[in-house]
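Under this note's numbering, the letters of the sequence shown match residues 487 to 961, in that order.
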Amino acid sequence: MTSAQVESENVSEEGYERGLGSRQVQMIAIGGAIGVGLFMGAGANIAKAGPSIILMYALAGVVIFFIMRALGELLLYRPVSGSFAEYAREFLGPFFGFVTGWTYWLMWVVTGMAELTAAAIYIHFWFPEIPQWVSALVFLVVLFGVNLISVKIFGEVEFWFSMIKVTAIIGMIVIGLGVLTLGFSDAGDTAAVSNLWAHDGFFPNGIGSSLMTLQGVMFAYLAVELVGVTAGESENPEKTLPKAINTLPWRIIVFYVGALLVILSVVKWTDFSAGESPFVHAFGEIGIPLAAGIVNFVVLTAALSSCNSGMYSTGRMLRDLAANSEAPQAFGKLNARKTPAVGITVSVALMGIGVVLNYVVPEKAFLYVTSVATAAGIWTWMMILVSHIRYRAAVDAGRLRASSFPAPGGAIFSWVALLFLIGVTCMIAYDKDARVCLYVAAGWAVALGVGWQVLKSRNPQISERRGDAEFEKVG
Numbered sequence: 487m488t489s490a491q492v493e494s495e496n497v498s499e500e501g502y503e504r505g506l507g508s509r510q511v512q513m514i515a516i517g518g519a520i521g522v523g524l525f526m527g528a529g530a531n532i533a534k535a536g537p538s539i540i541l542m543y544a545l546a547g548v549v550i551f552f553i554m555r556a557l558g559e560l561l562l563y564r565p566v567s568g569s570f571a572e573y574a575r576e577f578l579g580p581f582f583g584f585v586t587g588w589t590y591w592l593m594w595v596v597t598g599m600a601e602l603t604a605a606a607i608y609i610h611f612w613f614p615e616i617p618q619w620v621s622a623l624v625f626l627v628v629l630f631g632v633n634l635i636s637v638k639i640f641g642e643v644e645f646w647f648s649m650i651k652v653t654a655i656i657g658m659i660v661i662g663l664g665v666l667t668l669g670f671s672d673a674g675d676t677a678a679v680s681n682l683w684a685h686d687g688f689f690p691n692g693i694g695s696s697l698m699t700l701q702g703v704m705f706a707y708l709a710v711e712l713v714g715v716t717a718g719e720s721e722n723p724e725k726t727l728p729k730a731i732n733t734l735p736w737r738i739i740v741f742y743v744g745a746l747l748v749i750l751s752v753v754k755w756t757d758f759s760a761g762e763s764p765f766v767h768a769f770g771e772i773g774i775p776l777a778a779g780i781v782n783f784v785v786l787t788a789a790l791s792s793c794n795s796g797m798y799s800t801g802r803m804l805r806d807l808a809a810n811s812e813a814p815q816a817f818g819k820l821n822a823r824k825t826p827a828v829g830i831t832v833s834v835a836l837m838g839i840g841v842v843l844n845y846v847v848p849e850k851a852f853l854y855v856t857s858v859a860t861a862a863g864i865w866t867w868m869m870i871l872v873s874h875i876r877y878r879a880a881v882d883a884g885r886l887r888a889s890s891f892p893a894p895g896g897a898i899f900s901w902v903a904l905l906f907l908i909g910v911t912c913m914i915a916y917d918k919d920a921r922v923c924l925y926v927a928a929g930w931a932v933a934l935g936v937g938w939q940v941l942k943s944r945n946p947q948i949s950e951r952r953g954d955a956e957f958e959k960v961g
């Protein structure tokens with residue numbers, strides 16, 4: 487086999503290099519389920535819901551699995567890098583593909599801002615004299631370079647980022663179980679499983695308060711769908727993607743339910759507060775030397791991992807939009823290393839707004855951007871579910887071939903997950919602090935509506951497209 491043939495086999499139909507191996511896709515999938523939402527956000531959720539937060543993470547985890555199985559069926563029907571937008575375009579129409587692509591892009595741009603902010607805050611632990619905006623800028627430039635070099639470098643960096651997160655949580659669980667069973671450490675005398683119900687019960691603030699935390703819980707799961715974006719660059723998507731998705735339940739059980747069960751057994755829930763990592767607090771109670779520094783390094787890694795994934799996703803989504811004449815054609819070009827350099831560069835430049843926010847309003851920067859990311863993420867998940875429902879109807883009618891990875895229950899669980907997400911959206915509207923993201927969403931919807939009308943006026947045929955545009959393979 488000639489070198490040209492080998493290179494051809496390693497390039498997807500979209501022109502991307504299939505440079506993500508099985509271990510990298512698996513670890514990207516694992517890392518996507520572990521982020522700052524768990525390491526930091528869980529503290530505020532524990533303070534609101536008490537031990538019942540475990541049930542909320544488990545409930546949300548079940549819904550996330552339904553979403554991922556729906557996405558998995560679509561991915562094995564047609565594995566493409568711009569998966570969410572492509573499926574919305576095919577099954578709901580070009581307008582929904584346009585909205586979904588740009589909204590997912592927005593989600594990762596603002597998430598990148600949030601994670602840069604978080605990373606800069608974590609650096610203050612060791613170097614309080616460094617301005618927050620300086621740290622954010624340095625991280626932005628370094629990760630930008632990683633994403634421009636090649637998808638293999640991105641995959642390797644993300645592999646090790648995820649490995650650190652996984653190791654930290656497993657270590658916390660093992661140490662916590664040791665405290666509970668052997669009674670060693672400073673927390674040994676008070677650690678007990680009864681801490682889950684001994685302090686005003688399992689639902690100390692009522693079921694309503696627990697349910698209201700679902701909006702924050704769902705933010706913790708943002709990026710779990712990232713495995714879908716890797717479809718166009720996975721070496722063997724037919725094998726790696728189903729495996730990555732099917733291992734999601736045990737990841738949720740171990741990293742969310744298991745970790746929180748242990749933490750809330752070792753330390754009573756009333757000791758946790760918003761703005762504090764429950765992992766840092768628990769390690770401190772146990773009395774492990776250098777615990778705070780260790781966990782701070784881990785949460786820094788989690789933030790950088792998410793920002794790294796954001797840069798990866800934005801470039802691919804802009805290229806998909808360009809391929810369908812829904813974004814400037816410059817975004818459709820790949821550089822010599824087969825990465826969408828123009829799209830990544832523009833996205834990173836906009837992420838730089840996060841650096842400005844860290845300079846102007848460092849104390850509020852994280853709050854401003856996470857609420858917008860949550861709304862954008864919920865829209866993306868809804869589009870996956872509705873696309874899956876329409877796809878199953880087409881399969882049942884004999885219009886499309888069946889996927890090799892069908893979701894259990896057909897479209898039933900997609901309907902269940904869709905209703906759940908609608909319920910979470912209603913909770914966001916009810917919460918005065920969180921509903922700001924809906925105001926931003928309304929403004930974004932108006933902007934997209936205007937943008938779509940401009941596109942149609944310039945290219946009337948765009949409303950007839952169904953995701954069959956050609957990709958420019960090398961620019």
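Cβ atoms here follow ideal geometry from the backbone N, Cα and C, with glycine treated the same way. Just so it is clear, the structure is predicted and the values come from calculations on it, not from any experiment.
For Q947, the number of other beta carbons within 10 angstroms of its own is below 16, and it is reported as exposed. Cβ contact annotation for S763 (same chain, cutoff 7 angstroms, sequence separation greater than five): F525, M526, G529, V781, V785, in chain order. Within the same chain, and ignoring the five residues on either side of S621 in sequence, the residues whose Cβ sits closer than 6 angstroms to its Cβ are A606, I609.
In the three-state reduction of the DSSP assignment, F670 falls in the coil class.
Within the model, the alpha-carbon separation for V596 versus T866 is close to 15 angstroms. Shortest Cα-Cα distance from I656 to any of L602, W619, A556, R737 involves R737. Excluding five sequence positions before and after A933, none of the CB atoms of its chain fall closer than 7 angstroms to its own CB.
DSSP places G829 in the helix class (H, G or I) of the three-state scheme.
R887 sits in coil when the DSSP states are folded into three classes, being neither helix nor strand. The three-state reading of DSSP puts A678 in coil, since its state is none of H, G, I, E or B. Of the candidates G598, T756, P723, L747, G598 places its Cα closest to the Cα of A789.
A residue is called buried once 16 or more other Cβ atoms fall within 10 Å of its Cβ, and T911 is buried on that count. For N794, the three-state secondary structure derived from DSSP is helix. Taking one beta carbon from each stretch, the stretch 664-674 and the stretch 826-843 have fewer than 3 pairs nearer than 8 angstroms; the two do not touch. In this structure, G662 lies away from D806, with their beta-carbon atoms at least 7 angstroms apart. Here DSSP, grouped into helix, strand and coil, assigns R876 to helix.
Under the three-pair Cβ rule at 8 angstroms, the stretch 611-629 does not count as touching the stretch 743-754. Between F647 and N810 a beta carbon distance of about 31 angstroms is seen, past the 8 angstroms cut, so the two are scored as non-contacting.
Secondary structure note for T756: it is in no alpha helix (DSSP H), with a DSSP letter that is neither H nor E.
Below 8 angstroms, too few C-beta pairs join the stretch 730-744 and the stretch 625-636 to call them touching: fewer than three. Take L871, set aside five residues on each side of it, and the residues of its chain with a beta-carbon closer than 7 angstroms to its own are I553, A556, S900, A903, L904, in chain order. Residue range 922-944 is occupied by the alpha helix (DSSP H) that includes A931. Positions of the alpha helix (DSSP H) runs, each at least 4 residues long and wholly inside the stretch 695-752, are given as 700-706, 712-715, 723-732, 734-738, 745-752 in order along the chain. Non-local beta-carbon contacts of M837 in its own chain, meaning distances under 7 angstroms to residues more than five positions away in sequence, involve V595, G598, M599, L602, L626 in chain order.
The residue from V858, A928, T787 with its alpha-carbon nearest to that of V652 is T787. Its chain contains E559, L562, Y563 as the residues whose beta carbon lies nearer than 6 angstroms to that of S889, once the 5 sequence neighbours on both sides are disregarded; these appear in chain order. If the five residues before and after A574 are omitted, its C-beta is found closer than 7 angstroms to the C-beta atoms of F582, G583, T586, M869, S873, all from its own chain and listed in chain order. Here DSSP, grouped into helix, strand and coil, assigns A813 to coil. Counting along the chain, the unbroken alpha helix (DSSP H) around G631 starts and ends at 618-635. In chain order, L804, R805, A808, V828, G829 place their CB closer than 6 angstroms to the CB of F817, counting only its own chain and leaving out the 5 sequence neighbours on each side. Per DSSP, reduced to three states, the secondary structure at K638 is helical.
In the DSSP assignment, S900 falls within the unbroken alpha helix (DSSP H) covering 898-916. Residue V710 holds the alpha-carbon nearest to the alpha-carbon of P735 among V710, G770, Y798. The beta carbons of I659 and V748 sit about 5 angstroms from each other, so the pair counts as a contact at 8 angstroms. In the structure shown, D686 falls within a coil segment according to DSSP collapsed to helix, strand and coil.
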